[in-house]
Amino acid sequence: KIAAQGGSASAAPRLGMAQPRFVLRLLVVTLLCLVIGADAKVKKAAKIKEGFFDGEWSDVAWRGAKVALALSPVAAIAYCFLSGVESKEEEDMKRHKKNDSCGGCCG
13 KIAAQGGSAS AAPRLGMAQP RFVLRLLVVT LLCLVIGADA KVKKAAKIKE
63 GFFDGEWSDV AWRGAKVALA LSPVAAIAYC FLSGVESKEE EDMKRHKKND
113 SCGGCCG
């Protein structure tokens, strides 16, 4: 059936050989994640907690800039929702132009 579709018959055994590679990759990625997680936990335990405004002013400014950049998409979405409201008269005028048979420019 594989040869009739234009493929080679040797393609079928290669699928079986990919599974050990996939399992090996999965194992390596899992171990890497565990090592990174353990290292981060050790670093976090050794780090002294400091407040948002503690440190040099350049660090505080950088933290503030990161917070502003992180919240800018939320602010943009809120602006789109809050500024999209039109008055009742404007909505009626648009609806009238839309339903007008001559395209709204006949007078």
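13 is the number of the first residue of the sequence shown in our numbering; add one for each residue after it. All C-beta atoms in this analysis are idealised placements derived from N, C-alpha and C, irrespective of residue type, glycine included.
Integer-rounded CB distance, given that residue j should sit under 8 Å from residue i
| i | j | result |
| --- | --- | --- |
| F93 | R75 | Going by Cβ atoms, the distance from F93 to R75 rounds to 28 Å, so no, they are not a contact pair. |
Interface flag, residue i vs chain B, CB-CB below 9 Å
| i | result |
| --- | --- |
| R37 | Within the model displayed, chain B is absent; a lone protein chain is all it includes. |
Beta-carbon contacts of residue i that lie in its chain and below 6 Å, excluding the five residues immediately before and after
| i | result |
| --- | --- |
| A52 | none |
| V72 | F65 |
Nonlocal neighbours in the same chain, by C-beta distance under 7 Å from residue i, ignoring five residues either side
| i | result |
| --- | --- |
| V40 | none |
Can you give, in chain order, each stretch of the alpha helix (DSSP H) that sits fully within the segment 37 to 119 and has at least 4 residues? Inside the segment 37 to 119, DSSP marks whole alpha helix (DSSP H) runs of 4 or more residues at positions 69 to 95, 100 to 111, from first to last along the chain.
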